[in-house]
Amino acid sequence: MKPILNSLALLLITVAVSVANDKTVIRVGHFPNVTHAQGLVAHYLSRQGKGWFEARLGPDVEIQWFTFNAGPSAMEAIFAKSIELTYVGPGPALNAYAKSQTEEIRVIAGAANGGAALVIQPDENLKVPADFKGKKIATPQLGNTQDIACRAWLTSGGLRITQLGGDAQVLPTDNPDQLSLFQQKKIDAAWTVEPWVSRLENEAVGKVLVEEPDSATTVLVSSVKFLNEKRDLAKKFWQAHKELTDWILKNPEEAQKIVKSELLAETRSDMSAELIAHAWKRIIFTSEIPRASVQAFVANSQKAGFMKTAPDLARLFETP
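The opening residue of the sequence shown carries number 20 in the working numbering; numbering runs sequentially from there.
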């Protein structure tokens with residue numbers, strides 16, 4: 020009898036594995052930032068077995084979530100074919116598009132505008148780019164959206180900025196480390212994104228010097244391979260993203276609670292509801308593709324030295 024039972028058990032396991040393997044896996048990236056609310060909310064719901072995208076893409080689809088600190092890492096994951104889609108800043112998306120000779124990256128939707136700022140020490144008399152000569156400014160990662168914005172802003176004020184130095188030091192630093200260094204006064208400023216802007220204000224008495232409320236902070240990017248090979252799923256994901264964005268706009272309090280919970284799960288840092296609400300006020304969630312804003316990032320990337328010539332943007336934007 021035992022051999023029969025063992026054979027039956029083995030058969031059931033084989034069938035279960037076969038069924039699991041029949042699922043189409045879509046790997047999606049996002050950052051532990053409030054400006055990535057769509058990713059945070061959807062990741063949380065996936066953890067709870069109530070997946071937003073899963074419900075709309077069907078039972079034969081599995082969504083796997085991956086978190087990154089900043090955009091260049093997410094773009095490298097796209098290049099390595101480790102993920103199919105990611106929420107990311109327009110700066111890294113644009114640079115990756117140019118780096119791949121326009122062949123591998125497409126922006127399929129907007130996600131958030133605003134939510135980024137240059138925060139300075141409360142006792143520093145810093146007002147214009149020239150005042151930052153000899154100062155240290157932290158950004159999330161070399162080549163990310165805030166890093167590019169920072170370097171372009173300093174350069175536009177006449178400072179010579181290089182990747183390793185120049186008239187002011189731009190120091191790529193993980194967001195949690197930025198807060199610690201700011202509190203210890205080891206950096207003079209940080210150009211970063213929510214919730215870290217609010218944390219610098221609330222926990223380190225930082226002062227916001229520069230904000231770009233209309234500038235795109237987050238977009239939804241797809242690999243060209245995924246668009247070409249899984250067009251129907253890409254379209255369903257795009258539609259579900261639009262619906263999720265609308266839900267967030269209509270249910271800000273519930274969305275903030277979910278974002279708070281997911282940030283705790285991802286960062287092990289329990290941010291207050293008041294902090295999340297404060298950060299929320301700086302952000303405009305939208306699924307509209309920010310074409311004008313991305314065009315402005317071309318100029319910023321050139322100023323910052325990340326792009327020698329402007330790429331043709333005709334192929335960058337694509338609706339599935």
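The beta carbon of each residue, even a glycine, is placed where N, CA and C say it ideally should be.
- Note on Leu268: under 16 other CB atoms within 10 angstroms of its CB, so exposed under the neighbour-count rule.
- Note: Thr236 is not bridge-paired with any residue in the DSSP secondary-structure output.
- Remark: C-beta atoms of Thr264 and Asn132 do not approach each other more closely than 8 Å.
- Secondary structure at Pro191: strand, using DSSP grouped into helix, strand and coil.
- Non-local C-beta neighbours of Ser241 in its own chain, meaning closer than 7 Å and more than five positions away in sequence, comprise Glu103, Leu104, Arg125, Ile127, Ala253, ordered along the chain.
- Rounded to whole angstroms, Arg46 and Gln83 show a C-alpha spacing of 5 Å.
- Cβ contact annotation for Gly134 (same chain, cutoff 6 Å, sequence separation greater than five): Thr54, Val212, Glu213, Thr236, Arg301, Ile302, in chain order.
- Minimum Cα-Cα distance from Gly184 among the listed residues Ala323, Leu335, Pro111 corresponds to Ala323.
- For Arg301, there is no enclosing alpha helix (DSSP H), as DSSP marks it with neither H nor E.
- Under a 10 Å Cβ-count criterion, Gly177 is classified as exposed, with fewer than 16 other Cβ atoms of the shown protein chains found around its own Cβ.
- Contact between Ser320 and Leu113 holds, since their C-beta atoms are separated by about 6 Å, short of 8 Å.
- The DSSP-derived three-state label of Gly110 is helix.
- Ala157 carries a strand assignment under DSSP once its states are collapsed to helix, strand and coil.
- When DSSP states are grouped into helix, strand and coil, Phe256 belongs to the helix group.
- Under the DSSP assignment, Glu273 falls in the alpha helix (DSSP H) whose first and last residues are 271–286.
- With respect to Pro51, Thr86 sits close: the two C-beta atoms are nearer than 8 Å.
- Here Leu219 is near Leu198, since their CB atoms are less than 8 Å apart.
- Where Ile127 is concerned, the enclosing beta strand (DSSP E) starts and stops at 124–133.
- The region 215–232 and the region 133–153 touch, with three or more beta-carbon pairs separated by less than 8 Å.
- For Ala171, the CB contacts under 6 Å within the same chain, skipping 5 residues up- and downstream, are Asn319, Lys322, Ala323 in chain order.
- Taking every protein chain shown into account, the CB of Glu248 has fewer than 16 other CB atoms within 10 angstroms, so this residue is exposed.
- Rounded to the nearest whole angstrom, the C-alpha separation of Arg334 and Val278 is 33 Å.
- When DSSP states are grouped into helix, strand and coil, Val147 belongs to the coil group.
- In the three-state scheme derived from DSSP, where H, G and I count as helix and E and B as strand, Ile102 is classed as coil.
- Judged by DSSP in its simplified three-state form, Glu231 adopts coil rather than helix or strand.
- Of the residues assessed, Thr181 falls on the exposed side of the cut-off, its CB having fewer than 16 other CB atoms within 10 angstroms.
- When DSSP states are grouped into helix, strand and coil, Phe336 belongs to the strand group.
- In the DSSP assignment, Glu213 falls outside any alpha helix (DSSP H), carrying neither H nor E.
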